[in-house]
Amino acid sequence: MTTDFRCSADSEARSEDLAGSASRADRFVLVEFPTPWPKKAIEVFDDELRVTLEEAAGLANAKILLIRRHGHRTGGVRRWAVVDARARRITWDGWEAQSDLHPLIATVGADSAGWSDEPVVLVCTHALHDTCCGVRGRPVAAALTESHGDLVWEASHVGGHRFAGNAVLPLDGTYYGRLGAHDASEVVATHLAGRVSPDHLRGFSWMAPAAQAVAADVLRRWGPAPADAFTSAHAVQVSPSRWDVEIGGLHPLPARVTAEVEVRTGPDARLSCRADPTPTESFTVLRREAH
């Protein structure tokens with residue numbers, strides 16, 4: 046296995062489809078933490094906190110991410126946040142010692158009705174997890190920090206390193222991939238202005254992968270539209286290779302789109318820089334109807 050292999054370049058060369066590749070999460074737990082980050086974010090926490098945080102995150106279907114500012118060290122007073130991607134709400138608090146993080150446990154699954162709708166932009170730069178996240182992520186983080194300031198945080202592994210540079214807008218669970226320093230700021234600015242970019246869209250974290258593929262198809266046919274124009278998504282597996290999907294939407298999208306999705310198995314590929322080859326999958330929308 047050669048050491049100069051890059052999974053992101055290989056994915057591009059294979060023309061691997063982005064749609065349907067967003068990690069699944071209804072919520073995100075963000076904890077500001079100084080470097081160096083371990084390979085798995087959860088390993089930075091003390092044993093007792095790690096167990097309770099993992100339990101709370103599992104119950105809430107939440108993804109735990111470490112965050113930091115680009116280009117400067119984390120200070121003594123750090124921040125944490127919980128984001129509800131389904132309700133599009135976020136709440137922040139601060140901490141110094143890990144003992145201060147116990148309120149976070151109760152917040153992971155708490156009612157988000159009173160939280161704010163402040164947007165956040167995360168860029169995966171977790172080089173220890175995969176080289177591509179650092180090589181392709183850091184220039185994106187730099188460009189976005191310049192254009193969007195304090196909205197932007199570097200993040201630990203968000204999933205799908207072969208699609209680096211990866212950015213996540215956790216307030217609505219939107220995953221973007223294959224961003225570069227030349228186009229990331231425009232994609233994020235367009236998103237915040239209410240238009241999701243289907244060209245870089247990996248999916249919405251609160252949807253099943255087959256539904257993510259349909260959402261991208263819907264945007265190409267009936268968009269542009271904001272992320273909150275998608276109101277619901279239901280996916281039912283009817284065979285090992287087929288899914289029935291129903292997407293609910295608001296104007297300018299159809300009120301309801303039903304679709305049939307085929308899961309296709311592709312050639313084996315290395316899905317990370319240090320992984321052995323494994324089978325690949327893609328989602329193809331065979332039929333869709335607007336209602």
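Numbering (my numbering), first residue to last: 46 to 336. Where is the CB? At the ideal position from N, CA and C, for every residue including glycine. Quantities reported herein were computed from a predicted structural model and do not represent experimental measurements.
As assigned by DSSP and simplified to three states, the class of residue i
i: Pro285; result: coil
i: Ala300; result: coil
i: Trp251; result: coil
i: Phe50; result: coil
i: Phe90; result: coil
i: Glu191; result: helix
i: Leu264; result: helix
i: Ala101; result: helix
i: Ala258; result: helix
i: Arg332; result: strand
i: Arg123; result: strand
i: Arg240; result: coil
i: Arg315; result: coil
i: Arg114; result: coil
Residues that DSSP places opposite residue i in a beta bridge
i: Phe73; result: Lys108 and Val128
i: Glu326; result: Thr310
i: His279; result: Glu291
i: Ser161; result: Ile135
i: Glu57; result: None, per the DSSP bridge assignment.
i: Pro246; result: The residue asked about is misnamed: residue 246 is Leu in this sequence, not Pro. Answer is Tyr221.
Any non-hydrogen atom of the ligand SAM closer than 8 Å to residue i Cβ
i: Thr310; result: Absence of the ligand SAM is noted for the structure shown, with no ligands found whatsoever.
Limits of the beta strand (DSSP E) - the one that residue i falls within
i: Leu167; result: Val166 to Cys169
i: Trp140; result: Arg134 to Trp140
i: Thr219; result: Thr219 to Tyr221
i: Glu199; result: Val197 to Ala200
i: Leu214; result: Ala212 to Leu214
First and last residue of the uninterrupted alpha helix (DSSP H) at residue i
i: Leu149; result: His147 to Val153
i: Ala64; result: Counting along the chain, Ala64 falls outside any alpha helix (DSSP H), and DSSP gives it neither H nor E.
i: His236; result: Ala229 to Leu237
Status (buried if at least 16 other CB within 10 Å, exposed otherwise) for residue i
i: Glu100; result: exposed
i: Asp175; result: buried
i: Leu104; result: exposed
i: Val127; result: buried
i: Ala158; result: exposed
i: Gln257; result: buried
i: Ser53; result: buried
i: Asp91; result: exposed
i: Arg207; result: buried
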